[in-house]
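> Per our numbering, numbering through the sequence shown is continuous, rising by one, with the last residue being 343.
Sharing a structure below in structure tokens format, with a few things to ask.
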Amino acid sequence: MTASERFGAAEAGRRRAGREAPGADGERVSGPVTIPATSSSALLDARFWLELSPWRISAAWSLAAAALAAGVGEVGRTVSPQMLALLFLLVDPLWGNIWGGLATPEALPRIRNTLQHRRPWLPYLAMGSPAARVLGMHGPSVLSVAARAWLPGVVVAMAAASAIGLEAVWATLVVLGLAVSGWLSRHVPLVSPSVLHSVVVVAAPWILGLTLFGLDPWDGHHWALVMLWTMHVWGANRCMEDVGARRGLTVMALAQAGISLMLIVGRAPLALAVLGVLWLATWAAVYRGRSLVNVQASWTAAMLVSAAAMAQSAF
29 MTASERFGAA EAGRRRAGRE APGADGERVS GPVTIPATSS SALLDARFWL
79 ELSPWRISAA WSLAAAALAA GVGEVGRTVS PQMLALLFLL VDPLWGNIWG
129 GLATPEALPR IRNTLQHRRP WLPYLAMGSP AARVLGMHGP SVLSVAARAW
179 LPGVVVAMAA ASAIGLEAVW ATLVVLGLAV SGWLSRHVPL VSPSVLHSVV
229 VVAAPWILGL TLFGLDPWDG HHWALVMLWT MHVWGANRCM EDVGARRGLT
279 VMALAQAGIS LMLIVGRAPL ALAVLGVLWL ATWAAVYRGR SLVNVQASWT
329 AAMLVSAAAM AQSAF
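In structure tokens form, the structure reads like this:
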């Protein structure tokens, strides 16, 4: 081996040792990960995937319930298909990004790794400076994650809401406030995050949909149905987090009783019969001591059936 070859082999060995230096416990520790420039072609990188079960109650299904409550024909006359698609993008992925970015920031798998290895060039943000420590320049912090992953989603959501109308802008601001409250609840127990989550998932998209579809969301029976399903989702969340939680089961039972009473008053016996069959799966799972995760589709179907019944009821 020549001198140049020996020097090249030694240099390669030093590079490998720098990337995989042994840790204190003898394990290999990986160095900074270089993210390739071809990893993204966008300024605002938005990637969509199916989160959890697509059949569980979500903002998209709540918007569909609002459309059924308003009547499909009425929706077609008041909102164009293009506006309806934009409304779906706002209430489901964009509002979901606003909520999840603060309520569950640890769900962002890559942004934290990116922030951890980014070095600032400004002198007052040099490594070790007080400002760098506050802003999380030594590693990902709440502020740095929010600046890179949460605020861009807020900007896009506000732009989409502005294209829809003033009602959507106000609704987005409400969701923004709920998300901030959810983040505060992670550190200071003010309001249960399950309560805030149920409002974001059910009440906010449903009320916005009714408003844009030409109905008064504060009308008695529409408001009552929205609140009852918000209660149901909150109780269901409690039960799925803690199997057999008495408070969650009580809230679910009260919500189902209230919805049934509304259908009785509204003279919708067929819808009431369908709901009875769908809700049977919930209490069968409770009786057997099983998780309620597998019956979420029955709740979504029940919500859509009860919303459709509002358009045909005698209210």
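Cβ atoms here follow ideal geometry from the backbone N, Cα and C, with glycine treated the same way.
As the structure is a prediction and not an experimental result, all values here were calculated from the model.
Taking the alpha helix (DSSP H) that Thr66 belongs to, which residues open and close that run?
In the sequence shown, residue 66 corresponds to position 38, counting from 1. It is not in any alpha helix (DSSP H) - Thr66 carries neither H nor E in the DSSP assignment.
> Report buried or exposed for Pro245, applying the criterion of at least 16 other Cβ atoms within 10 angstroms of its Cβ.
What you label residue 245 is simply residue 217 of the sequence shown in a count that begins at 1. Answer is buried; the Cβ neighbour count reaches 16.
> Using 8 Å as the Cβ pair cut-off and three pairs as the minimum, do the stretch 96 to 112 and the stretch 70 to 84 touch?
Short answer: they don't touch.
> Given a cut-off of 8 Å, decide if Leu303 and Val333 are closer than it, judged by their beta-carbon atoms.
Reading the sequence shown from its first residue, position 305 is the one you call residue 333. Reading the sequence shown from its first residue, position 275 is the one you call residue 303. Contact flag set, yes.
> In the DSSP assignment, find the unbroken alpha helix (DSSP H) run with Ile85 in it and report its ends.
One-based indexing of the sequence shown puts residue 85 at position 57. Run containing Ile85: none; DSSP gives neither H nor E here.
> In chain order, what residues of the same chain lie with their CB nearer than 7 Å to the CB of Met226, ignoring the 5 residues before and after it?
Counting from 1 along the sequence shown, the entry for residue 226 is found at position 198. Per the sequence presented here, residue 226 reads as Ser, with Met not at that position. Closer than 7 Å at Cβ, skipping near neighbours: Thr258, Val261, Trp262, Asn265.
> Measuring only the C-alpha atoms, how far is Ser67 from Val229?
As a position in the sequence shown, residue 67 is number 39, starting the count at 1. As a position in the sequence shown, residue 229 is number 201, starting the count at 1. Answer to the nearest angstrom: the Cα atoms are 32 Å apart.
> Measure the C-alpha to C-alpha separation of Met111 and Trp178 and round it to an integer number of angstroms.
As a position in the sequence shown, residue 111 is number 83, starting the count at 1. As a position in the sequence shown, residue 178 is number 150, starting the count at 1. Looking at the two C-alpha atoms, the distance is approximately 24 Å.
> Among Ala325, Ser288, Gly242, which has the Cα closest to the Cα of Leu96?
Locating residue 96 in the sequence shown gives position 68, where the first residue counts as 1. The option with the nearest alpha carbon to Leu96 is Gly242.
> What does a CB cutoff of less than 7 Å around Ala188 pick up in its chain, not counting 5 residues either side in sequence?
Residue numbering aside, residue 188 sits at position 160 when the sequence shown is read from its first letter. So the list reads Leu114, Leu117, Leu118, Leu122, once near-sequence residues are dropped.
> Smallest Cα separation from Ala335: which of Arg84, Glu79, Leu91?
Position 307 of the sequence shown, counted from the start, is the residue given in the question as residue 335. Taking only the C-alpha atoms, the option nearest Ala335 is Leu91.
> Using a Cβ-based criterion (distance less than 7 Å to any ligand heavy atom), does Phe116 qualify as near the ligand FAD?
Ligands displayed in this structure: none; no statement on the ligand FAD is therefore possible.
> Can you tell me where the alpha helix (DSSP H) with Thr132 in it begins and where it stops?
Position 104 of the sequence shown, counted from the start, is the residue given in the question as residue 132. First-last for Thr132: undefined, no H or E at that position.
> Would Ala337 pass as a contact of Leu308 if the rule is Cβ separation under 8 Å?
Your numbering for residue 337 matches position 309 in the sequence shown. Your numbering for residue 308 matches position 280 in the sequence shown. Not in contact: Ala337 and Leu308 (Cβ atoms no closer than 8 Å).
> Could you pull the start and end residues of the alpha helix (DSSP H) that Val103 belongs to?
The residue you call residue 103 lines up with position 75 of the sequence shown. Here the alpha helix (DSSP H) through Val103 covers 100 to 106.
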